[in-house]
Amino acid sequence: MKKILLVCSAGMSTSLLVSKMQQAAKDKNIECLISATGESELKENMDGTNVILLGPQVRFLLSKIKKLVEPNGIEVDVINSVNYGTMNGELVLKQALDLIK
Numbered sequence: 001m002k003k004i005l006l007v008c009s010a011g012m013s014t015s016l017l018v019s020k021m022q023q024a025a026k027d028k029n030i031e032c033l034i035s036a037t038g039e040s041e042l043k044e045n046m047d048g049t050n051v052i053l054l055g056p057q058v059r060f061l062l063s064k065i066k067k068l069v070e071p072n073g074i075e076v077d078v079i080n081s082v083n084y085g086t087m088n089g090e091l092v093l094k095q096a097l098d099l100i101k
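In full-length UniProt numbering, the protein residues as written are 1 to 101.
Structure below.
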């Protein structure tokens, strides 16, 4: 099962997006575990993760997080700002799945 982790400052703003992504995955019969965490809890929550998507507000952490997780084979990217702002779970799910392939 694919594991997707969204990261923002405290894990709060990405919670709604997680729900939208879970619904999109369910609608498309895609099995994946999607969760959100704050940047400070990333190390504790990254085990088994395939891809990490950062909220646009923490894009400045991209290089730091890449250095931390890429040795573990985890892909990292920043969520498209428009998709984040509109809480487009379907397109953010696609972004995550495209990184895993």
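Just so you know, even glycine gets a beta-carbon here, dropped at the ideal spot from N, CA and C. Remember, it's a predicted structure, so these values are computed and weren't measured experimentally.
In this structure, residue 69 places its C-beta atom within 8 Å of the C-beta atom of residue 46. Assigned with DSSP and collapsed to three states, residue 3 falls in strand. In the DSSP annotation of this structure, residue 81 is not part of any beta strand (DSSP E); the continuous alpha helix (DSSP H) holding it starts and ends at 81-85. Between the segment 75-83 and the segment 27-47, the count of Cβ pairs shorter than 8 Å is below three; the stretches do not touch. Between the C-alpha atoms of residue 37 and residue 85 there is a straight-line separation of about 18 Å. Residue 38 carries a strand assignment under DSSP once its states are collapsed to helix, strand and coil.
For residue 58, there is no enclosing alpha helix (DSSP H), as DSSP marks it with neither H nor E. Relative to the Cα of residue 56, the nearest Cα in the group 40, 81, 39 and 32 belongs to 81.
Distance from the Cα of residue 9 is smallest, within the candidate group 61, 1, 100 and 20, for 61.
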